[in-house]
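Colleague: Protein chains in written order, with the numbering used here: chain A, 2 to 298; chain B, 25 to 310; chain C, 15 to 303.
This structure is in structure tokens; I'll ask about it shortly.
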């Protein structure tokens with residue numbers, strides 16, 4: 002239908018589209034899963050906000066290298082901002098008070114302390130880094146990558162199968178959901194005009210057709226499974242071939258990627274537990290900020 | 025088209041692009057007249073469902089405007105739209121949300137905030153039109169056979185008393201007998217004064233029931249003619265990968281014998297055969 | 015065609031649990047290797063039930079009451095599981111959506127082959143072969159279901175089944191949910207299968223225009239019983255009988271049958287469109303000569 006000829010060939014991922022020439026396609030699917038598991042641990046271990054900020058910047062560079070369309074990030078800026086305000090309000094006003102805190106000011110019974118403001122920065126930047134890691138994973142991984150990842154780890158096939166079928170039914174349910182919403186509109190349901198309580202109540206109505214559709218499909222899906230010789234593992238003398246995984250080979254660059262990820266993890270653990278560099282007391286950013294709030298630490 | 029006819033729906037230079045960038049319709053103009061029976065045909069992805077949803081106000085045009093019963097669909101409220109143009113979805117399971125048939129049919133009128141006695145009146149009226157017995161009122165629509173679920177879905181739309189009713193693929197997955205039943209019923213609604221639009225892939229159904237046929241291909245309207253004429257435009261139909269009904273094609277393959285090109289049904293073909301035979305006899309005698 | 019049936023059904027009765035009526039009543043049927051069979055009849059008449067009793071889904075996966083025997087490729091369906099029977103009998107369902115089980119075409123076609131435990135090289139060979147027969151090019155391998163049209167999904171479903179090289183292939187209304195392009199695509203696959211794949215093919219269909227010329231045997235099921243079982247020529251010879259049982263033959267056949275009643279046409283009802291054109295032309299010329 003489209004007439005333009007300069008279309009970049011894209012491949013659909015869990016969250017959006019990734020160009021076919023993205024270097025991420027050259028890695029073994031398992032690498033993507035490892036990335037999610039290992040790199041998302043970094044922010045959890047890192048306390049000083051500037052380190053997490055560096056991590057976040059590095060992530061954005063990785064986004065660019067991997068050719069993930071950056072407009073994906075745009076969709077999440079609103080969410081990121083909201084998270085900031087929630088954390089900011091929660092910690093500054095309702096963070097509690099402990100003896101020894103540096104009081105900045107008092108608003109009625111609420112004490113605003115330096116320690117709580119510091120926590121806003123620590124926690125927010127930690128989440129910022131972590132969310133970028135998750136968005137990256139969802140932007141580069143396809144359902145198939147996840148399944149191949151699970152299979153390559155030699156987990157029981159039933160897990161891969163369940164996850165796969167879950168992906169499939171979520172996909173179908175999203176299509177159903179949109180149709181149901183239109184069908185309700187066609188029946189004069191003006192959900193926007195309703196008060197919140199009514200809105201929530203009417204939302205429950207989506208469940209009826211979604212369940213009905215899923216139930217009717219379950220029968221057909223299980224028939225289709227059986228008719229193609231599927232048996233749950235554990236049946237004697239039943240051995241599946243794993244053709245899909247056999248198509249992927251772990252190559253030198255995959256090993257390098259894993260080694261790099263694990264080395265960084267080890268380095269962070271070493272710095273955190275055996276050196277003082279990763280403690281909050283040595284955070285340069287916090288020192289600058291404390292001067293801004295005129296707190297003597 | 026004569027200008028005295030009352031256009032109840034006007035699609036004016038409408039284009040539509042889905043949020044993911046798929047261009048579904050390009051510069052479509054269309055008028056639907058009061059009490060017409062119109063068929064939208066074309067392959068999946070040709071834009072026929074999008075066009076129907078734009079008319080029902082379920083989608084709003086990206087460019088151009090859609091006027092239904094004098095209202096711009098972009099400005100009209102959901103209540104106004106639903107009470108003028110009804111849309112019956114292909115799969116009944118997408119449109120049955122309630123625990124009983126009664127609540128299902130009452131759902132629309134209740135959304136209009138009508139008093140309960142009026143709601144009841146409309147429920148009884150609607151199930152009567154679709155020929156659903158009162159004993160089903162307390163049953164769950166989920167457990168009814170598919171044919172009956174489709175009737176409940178239509179009754180639920182009728183309860184809003186829309187003047188135009190759009191039905192998406194009414195005969196898909198139905199057998200011959202069921203198809204005739206549902207189509208005869210839509211014809212009945214048409215005679216009662218409703219304007220009917222169907223989306224379908226079945227050309228025999230189009231030939232038997234639709235006064236006018238609109239053909240879409242690649243998001244564009246490529247043909248809009250009375251059905252009898254539409255099926256003679258085989259060159260244009262071919263662009264939409266549509267073939268006329270078999271009996272029409274048979275007549276068209278035999279035009280050298282004097283058959284008409286615009287036969288729509290077997291009965292018409294039989295009539296025409298008598299004419300052809302008569303004519304050929306005269307010709308020979310001379 | 016050999017003399018030994020690949021499917022032998024003797025005195026089969028089946029009733030779904032919780033239903034009053036028998037879905038199948040005293041079915042006796044022998045199907046021979048290499049046959050192309052079309053099963054027709056109105057909805058709810060027992061077509062799908064009969065098909066499912068030929069691959070073991072009935073009685074293995076449905077609750078109900080069964081009398082009689084079904085022997086498929088030497089296996090009694092009461093004694094073998096659907097999974098075992100699936101090695102010999104492939105089944106394609108009507109809904110292209112719910113039988114697509116995985117997230118890419120390649121996984122989908124490989125699924126059954128992995129279940130068979132075949133070696134990797136053999137799987138690769140068979141995927142290529144099945145895709146060729148169903149007219150799917152290499153670029154489809156990585157595609158997810160939501161990027162395919164209905165006809166393409168249905169071709170993938172057929173590829174996934176024939177890759178398992180079953181001796182019998184059953185297709186339950188494979189085109190009923192598709193648009194005309196999709197219908198044509200699937201029909202072309204059926205033609206190709208008939209030409210190049212040496213298997214018994216059983217198709218359940220409503221629309222007879224395209225299937226009639228392919229089949230060498232037609233079976234009419236009505237109300238759980240086999241009412242007619244004949245080669246197409248004979249099957250379509252009594253048009254009134256078919257109409258009475260809500261089977262709608264192609265329009266050209268109905269028309270030619272009327273010509274025959276008026277004495278304008280003599281002979282059997284032609285099966286293909288081209289034959290119909292020829293038959294009408296010759297009889298009208300004959301009369302006016």
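For glycine and all other residues, C-beta sits at the position ideal for the given N, C-alpha and C.
What residue range is occupied by the uninterrupted beta strand (DSSP E) comprising residue 109/B?
Modeller: That run of the beta strand (DSSP E) goes 109-112.
Colleague: Can you find the residues in the same chain that come closer than 7 Å, C-beta to C-beta, to residue 249/C, ignoring five residues on each side of it along the sequence?
Modeller: Correct list, in chain order: 232, 242.
Colleague: Below 6 Å CB to CB, which residues in the same chain sit around residue 170/C once its five sequence neighbours on both sides are set aside?
Modeller: If we look at residue 170/C and ignore the five residues flanking it on each side, its Cβ neighbours are 119, 122.
Colleague: Tell me where the alpha helix (DSSP H) around residue 249/A begins and ends.
Modeller: Element bounds for residue 249/A: n/a, residue is neither H nor E.
Colleague: Anything in chain B within Cβ reach of residue 181/A, meaning under 7 Å, just list it in chain order.
Modeller: Per Cβ cutoff of 7 Å: 118.
Colleague: Between the alpha carbons of residue 186/A and residue 99/B, how many angstroms are there, rounded?
Modeller: Answer to the nearest angstrom: the Cα atoms are 15 Å apart.
Colleague: Is it right to say residue 110/A is buried, meaning 16 or more other beta carbons lie within 10 angstroms of its own, or is it exposed?
Modeller: Per the 10 Å Cβ criterion, exposed.
Colleague: Identify each residue in the region 187-211 of chain A for which the Cβ-Cβ distance to at least one residue of chain B is less than 7 Å, and report them in chain order.
Modeller: Here the close residues are 187, 188, 189, 190, 191, 206, 209, 210.
Colleague: Under 8 Å: do the region 156-167 of chain C and the region 69-87 of chain C share three or more Cβ pairs, one atom per stretch?
Modeller: Verdict: no, contact absent.
Colleague: Run down chain C in chain order and give the residues with a C-beta less than 7 Å from the C-beta of residue 172/A.
Modeller: Result: 160.
Colleague: Is it buried or exposed for residue 63/C, if we count other Cβ within 10 angstroms and need 16 for buried?
Modeller: That one is buried.
Colleague: For residue 53/B, does the three-state DSSP call read helix, strand or coil?
Modeller: In this structure, residue 53/B counts as strand in the three-state DSSP scheme.
Colleague: Does residue 135/B come within less than 8 Å of chain A when only Cβ atoms are used?
Modeller: Interface residue, yes.
Colleague: Measure the CB-CB distance between residue 263/B and residue 246/B and report whether it falls below 8 Å.
Modeller: For residue 263/B and residue 246/B, yes; Cβs fall inside 8 Å.
Colleague: Give me the Cα-Cα distance between residue 111/B and residue 269/C, rounded to the nearest whole angstrom.
Modeller: The alpha-carbon atoms of residue 111/B and residue 269/C are separated by roughly 36 Å.
Colleague: Going along chain A, which residues have a C-beta under 7 Å from residue 131/C?
Modeller: What residue 131/C touches in chain A: 240, 241, 242.
Colleague: Given the structure, does residue 152/A come close to the ligand PLP, in the sense that its CB is under 7 Å from one of the ligand's heavy atoms?
Modeller: With respect to the ligand PLP, the structure offers nothing, as it holds no ligand at all.
Colleague: Using the beta-carbon of each residue, which ones in chain C are nearer than 9 Å to residue 166/A?
Modeller: Within chain C, the residues near residue 166/A are 115, 116.
Colleague: Is residue 186/B close to chain C, meaning its C-beta is less than 8 Å from at least one C-beta of that chain?
Modeller: No - not a single Cβ of chain C is within 8 Å of the one on residue 186/B.
Colleague: Checking 8 Å against the spacing of the C-beta atoms, do residue 184/C and residue 65/C come in under that value?
Modeller: Cβ atoms of residue 184/C and residue 65/C: closer than 8 Å.
Colleague: What is the DSSP secondary structure of residue 283/B, counted as helix, strand or coil?
Modeller: Three-state DSSP puts residue 283/B in coil, outside helix and strand.
Colleague: In three-state DSSP terms, what is residue 36/C?
Modeller: Reduced to three states, the DSSP call for residue 36/C is coil.
Colleague: Please state whether the Cβ-Cβ distance between residue 141/A and residue 33/A is less than 8 Å.
Modeller: For residue 141/A and residue 33/A, yes; Cβs fall inside 8 Å.
Colleague: Would residue 26/B be called buried (16 or more neighbouring beta carbons within 10 Å of its own) or exposed?
Modeller: Confidence at residue 26/B is low in this model, with a pLDDT of 45, below 50, so the placement of that residue is unreliable and no value is reported for it.
Colleague: Give me the subset of the region 141-159 of chain B whose CB atoms are less than 9 Å from a CB atom of chain C, sorted by chain position.
Modeller: So nothing in the stretch comes that close.
Colleague: Could you tell me which chain B residues have their CB closer than 8 Å to the CB of residue 262/C, listed as they occur along the chain?
Modeller: Those within 8 Å of residue 262/C in chain B are 200.
Colleague: With a Cβ-Cβ cutoff of 8 Å, do residue 158/A and residue 241/A count as a contact?
Modeller: Result yes, Cβ atoms of residue 158/A and residue 241/A sit closer than 8 Å.
Colleague: Using C-beta distances below 6 Å, list every residue in its chain close to residue 160/B, excluding the 5 sequence neighbours before and after it, in chain order.
Modeller: For residue 160/B, where only same-chain residues beyond five positions count, the Cβ hits under 6 Å are 125.
Colleague: Are the CB atoms of residue 67/B and residue 57/C nearer to each other than 8 Å?
Modeller: Cβ distance not < 8 Å, so residue 67/B and residue 57/C don't count as in contact.
Colleague: If residue 72/B sits next to residue 213/B, beta carbons under 8 Å apart, how far is it from one beta carbon to the other, in whole angstroms?
Modeller: Not confirmed; about 20 Å, so no contact.
Colleague: Check for me: the beta strand (DSSP E) holding residue 228/A runs from which residue to which?
Modeller: First-last for residue 228/A: 208-228, but that is the alpha helix (DSSP H), not the beta strand (DSSP E).
Colleague: Quick one: grab the DSSP three-state call for residue 27/B.
Modeller: Reliability of the predicted coordinates at residue 27/B is poor, the pLDDT of 48 falling under 50, and the value obtained from them is presented with this limitation in mind. It is coil, neither helix nor strand.
Colleague: Can you find the residues in the same chain that come closer than 8 Å, C-beta to C-beta, to residue 11/A, ignoring five residues on each side of it along the sequence?
Modeller: Counting only Cβ-Cβ distances below 8 Å, and skipping sequence neighbours, we find 18, 19, 20, 21.
Colleague: Could you pull out every residue in the same chain whose Cβ sits closer than 6 Å to the Cβ of residue 107/C, ignoring the five residues on either side in sequence?
Modeller: Answer for residue 107/C: 113, 186, listed in chain order.
Colleague: Taking the alpha carbon of residue 157/B as the reference point, which residue from 170/B, 296/B, 175/B has its own alpha carbon closest?
Modeller: Taking only the C-alpha atoms, the option nearest residue 157/B is 175/B.
Colleague: With residue 132/B and residue 164/B assumed to form a contact (beta carbons below 8 Å), what rounded beta-carbon distance in angstroms separates them?
Modeller: The pair is not a contact, with the Cβ atoms about 18 Å apart (cut-off 8 Å).
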